[in-house]
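S.K.:
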Amino acid sequence: LGLFESPYVDVDAAPEILGRADHRDAARAAAERTMVLLSNDGTLPLDAAATPRIAVIGELAASRRDVLGPWIFDYDAAESVTLLDGIRARVGDAAVVDYAPGVGIPRRVFPSMFDRMESLLEETPDEHDDDAELARAVELAEASDVAIVVTGQRQNQIGEKSSVSTLDLPGRAVEQIEALAATGTPVVVVLMTGRPVDLRRVDGKVAAVVEAWYPGTRGGEAVASVLFGDVSPAGRLPFTWPRHVGQVPMVYNHYRTFAPQDQGERYWDEESTPLYPFGHGLSYAAFAYDNLRVDRDVVPVGGTVQVAVDVTNRSDRAADEVVQLYIHQRHGEATRPVRELKGFDRVTIGAGETRTALFDLGPDQLRYWSAASRSWVQDETVIDVYVGGDSTASLATAFTVRG
Numbered sequence: 012l013g014l015f016e017s018p019y020v021d022v023d024a025a026p027e028i029l030g031r032a033d034h035r036d037a038a039r040a041a042a043e044r045t046m047v048l049l050s051n052d053g054t055l056p057l058d059a060a061a062t063p064r065i066a067v068i069g070e071l072a073a074s075r076r077d078v079l080g081p082w083i084f085d086y087d088a089a090e091s092v093t094l095l096d097g098i099r100a101r102v103g104d105a106a107v108v109d110y111a112p113g114v115g116i117p118r119r120v121f122p123s124m125f126d127r128m129e130s131l132l133e134e135t136p137d138e139h140d141d142d143a144e145l146a147r148a149v150e151l152a153e154a155s156d157v158a159i160v161v162t163g164q165r166q167n168q169i170g171e172k173s174s175v176s177t178l179d180l181p182g183r184a185v186e187q188i189e190a191l192a193a194t195g196t197p198v199v200v201v202l203m204t205g206r207p208v209d210l211r212r213v214d215g216k217v218a219a220v221v222e223a224w225y226p227g228t229r230g231g232e233a234v235a236s237v238l239f240g241d242v243s244p245a246g247r248l249p250f251t252w253p254r255h256v257g258q259v260p261m262v263y264n265h266y267r268t269f270a271p272q273d274q275g276e277r278y279w280d281e282e283s284t285p286l287y288p289f290g291h292g293l294s295y296a297a298f299a300y301d302n303l304r305v306d307r308d309v310v311p312v313g314g315t316v317q318v319a320v321d322v323t324n325r326s327d328r329a330a331d332e333v334v335q336l337y338i339h340q341r342h343g344e345a346t347r348p349v350r351e352l353k354g355f356d357r358v359t360i361g362a363g364e365t366r367t368a369l370f371d372l373g374p375d376q377l378r379y380w381s382a383a384s385r386s387w388v389q390d391e392t393v394i395d396v397y398v399g400g401d402s403t404a405s406l407a408t409a410f411t412v413r414g
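For the sequence shown, counting from 1, position 311 maps to 322 in the working numbering; every step adds exactly one.
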């Protein structure tokens, strides 16, 4: 990358480089590509002409600092685009966008290590939980065609030395979402978080949920592009999203156990499945997987097999699909996880088009580190292959590895 070709730093050049137009364009493109559509009942993408009055609710929607995330040392918040500004710019004169801060997000009494503050904040969490603001938000939603609720965690509530210990949305955020959903107006939730949050009371009550993460300098424009369908979301979850904190730690690549899963026989009083699996992410297009095959049924140890699958876009718009390949080793020197991600490919597929995704599985993908022998091992075994849109993919085939 050339990062260490020059040991010196040109401080004087920093003002000309930081925040350059092409860098800001790249920041917007990165944000658009990484947003995850968690759920959608068909309300998204929005049409400004069909929703002439839009309510945007939530303090985070108007925050220039929080949209940047926690790992920002040198920034000019005035240059960042809030979600509210991005939505207003996107709809222009086609719709009226009204804003209400709604219930407040409690602030940290002790600021994070990156805030460079020497004194405690004077505000207390209770000052932000204002019944009048909640009533105003509900009134605004009732008068609107759609309500976009931006909630999550402030940039100093997550990250090094600043993460909170709960997965709950802060303050009265869930109460507010439930109250807005009760109005009958479609509610779209936009999350600004860096980790999963407990959505059990929200799931099924709102029209859609979008995980925007902390989308950066031009994050407001990127969020608007996704909400209004200029970009079809194709981000995928890099972790398993639990239903509740009692499931943590929760991973997709666990080892098989004999823990009961049936109702009434589980080890806790909640479902054992995640709310959203690893690799999950919806699209505005509809994709179908078919014709999964390998180029040979028997592979020698150290050899390579090619996996192919056909992916068809059954919608009327082009979109990206992230094709994911997982394997499971049935037997060997050591027990292996139930599934392991061994490849993925982000493919742009036109409306009605079929594309073939190809993956090579060789020794680098099929071997594992043996703690017993302290060496890399590739067993003679049977490998199950699963391909699809997330870690629960059901389209499967298999091949045998022999010495």
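The C-beta atom is built at its ideal place from N, Cα and C for all residues, glycine as well.
Predicted model, so just to flag it, every value in this text is computed and none were measured.
So, for Ala319: in the same chain, excluding its five sequence neighbours on each side, which residues have a beta-carbon less than 6 Å away from its beta-carbon?
M.R.: Contacts found: Arg304, Thr367 and Leu369.
S.K.: List the endpoints of the continuous beta strand (DSSP E) containing Glu332.
M.R.: Ala330 to Gln340
S.K.: Skipping 5 residues on each side, what residues in its chain have a beta carbon closer than 8 Å to that of Val114?
M.R.: His139, Asp140, Asp141, Glu144, Leu145, Ala148, Gly182, Arg183, Ala184, Glu186 and Gln187
S.K.: Tell me which residues share the same chain as Val221 and place their Cβ nearer than 8 Å to its Cβ, disregarding the 5 neighbours each side in the sequence.
M.R.: Within the same chain, Val221 has close Cβ partners Met46, Val47, Leu48, Leu49, Leu55, Val199, Val200, Val201, Leu202, Val234, Val237, Leu238 and Pro244.
S.K.: Do three or more CB pairs link the region 285–293 to the region 249–258 at distances below 8 Å?
M.R.: With three or more CB-CB distances shorter than 8 Å, the region 285–293 counts as touching the region 249–258.
S.K.: Measuring alpha carbon to alpha carbon, tell me which of Ile394, Arg325 and Ile83 ends up nearest Arg350.
M.R.: With distances taken between Cα atoms, Arg350 lies closest to Ile394.
S.K.: Can you tell me whether Val309 is buried or exposed? The criterion is at least 16 other CB atoms within 10 Å of its CB, across all chains shown.
M.R.: exposed
S.K.: Would you report the Cα separation of Arg75 and Gln166, rounded to the nearest angstrom?
M.R.: 11 Å
S.K.: Any idea what DSSP makes of Ala158, helix, strand or coil?
M.R.: strand
S.K.: Is the distance from the Cβ of Ala192 to the Cβ of Lys216 below 8 Å?
M.R.: It is a contact, given that the beta carbons lie within the stated cut-off.
S.K.: Grab me the residues of Gly230's own chain with a C-beta within less than 6 Å of its C-beta, minus the 5 sequence neighbours each way, in chain order.
M.R.: Ala42 and Val78
S.K.: Would you decide whether Leu57 is buried or exposed? Buried here means 16 or more other CB atoms lie within 10 Å of its CB.
M.R.: buried
S.K.: In angstroms with no decimal places, state the Cα-to-Cα distance between Val322 and Asp401.
M.R.: 14 Å
S.K.: Expressed to the nearest angstrom, what Euclidean distance is found between the alpha-carbon atoms of Trp224 and Thr204?
M.R.: 5 Å
S.K.: Can you tell me which of the three DSSP states Ala190 falls into?
M.R.: helix
S.K.: In chain order, what residues of the same chain lie with their CB nearer than 7 Å to the CB of Tyr263, ignoring the 5 residues before and after it?
M.R.: Thr251, Pro288, Phe289, Arg350 and Ser402
S.K.: By the three-class DSSP mapping on this structure, what secondary structure does Asp214 have?
M.R.: coil
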